[in-house]
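Below you'll find the structure, written out as structure tokens, and then a few comments.
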Amino acid sequence: MIRHLVLFKLNDGVRRDEPRVTAGERAFRELGGLVPELEFWECGWNVSDRPIAYDFAITSAVADASALQRYLEHPAHQAGVAQWREFATWVIADYEF
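So the sequence shown is residues 35 to 131, counted in my numbering.
Structure representation (structure tokens):
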């Protein structure tokens with residue numbers, strides 16, 4: 035199994051209640067039910083006020099590297115990434131567990 039972990043940081047001046055951000059959140063919340071390769075899907079807003087914290091997180095699991103690649107190429111994933119690219123940056127970790 036591979037865990038796919040993504041941490042998002044909203045760009046300066048961007049608020050989570052902006053329509054484009056709520057649309058991006060909705061796209062990622064729905065993604066778990068749209069991509070068959072996803073065996074686990076969870077996302078949510080950070081609740082910590084620590085200055086080093088990121089704003090939004092996704093954690094998911096897929097069976098193997100080829101399932102991860104299919105997930106990354108899935109049109110619903112690509113559409114969500116395009117939305118978030120407009121207002122956030124992110125870091126990614128993929129690891130076996």
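All residues carry an ideal CB built from backbone N, CA and C; glycine is no exception.
### Message
Is it the case that the region 84 to 103 contacts the region 37 to 44, given that we only count it when at least three CB pairs across the two stretches are under 8 Å?
### Response
Touching, per the Cβ criterion.
### Rounded distance between the beta-carbons of His111 and Val55, thought under 8 Å
Numbered from 1 along the sequence shown, position 21 holds the residue referred to as residue 55. Numbered from 1 along the sequence shown, position 77 holds the residue referred to as residue 111. Contact between Val55 and His111 fails: their C-beta atoms lie close to 18 Å from each other, not under 8 Å.
### Query
Are the Cβ atoms of Arg60 and Cys77 separated by less than 8 Å?
The residue labelled residue 60 in the question sits at position 26 within the sequence shown. The residue labelled residue 77 in the question sits at position 43 within the sequence shown. Not closer than 8 Å, so no.
#### Entry: Secondary structure of Ala95, DSSP reduced to three states
Numbered from 1 along the sequence shown, position 61 holds the residue referred to as residue 95. The answer is strand: DSSP assigns Ala95 an E or B state.
### Message
On the criterion of 16 or more Cβ atoms from any shown chain inside 10 Å, does Trp79 qualify as buried, or is it exposed?
### Response
Residue numbering aside, residue 79 sits at position 45 when the sequence shown is read from its first letter. Flag for Trp79 reads exposed.
### Message
Applying the 10 Å Cβ sphere with the 16-neighbour rule, what's the burial state of Ser94?
### Response
Sequence index remark: in the sequence shown, residue 94 carries index 60 (1-based). In this structure Ser94 is buried. Its beta-carbon is surrounded by 16 or more other beta-carbon atoms within 10 angstroms.
### Query
How big is the Cα-Cα spacing for Gly66 and Pro85?
Counted from its first residue, the sequence shown places residue 66 at position 32. Counted from its first residue, the sequence shown places residue 85 at position 51. If I take the Cα positions, the gap works out to 29 Å.
#### Entry: Beta-ladder partner(s) of Leu106, from DSSP
Within the sequence shown, residue 106 is the residue found at index 72, counting from 1. Looking at the DSSP output, Leu106 bridges to nothing.
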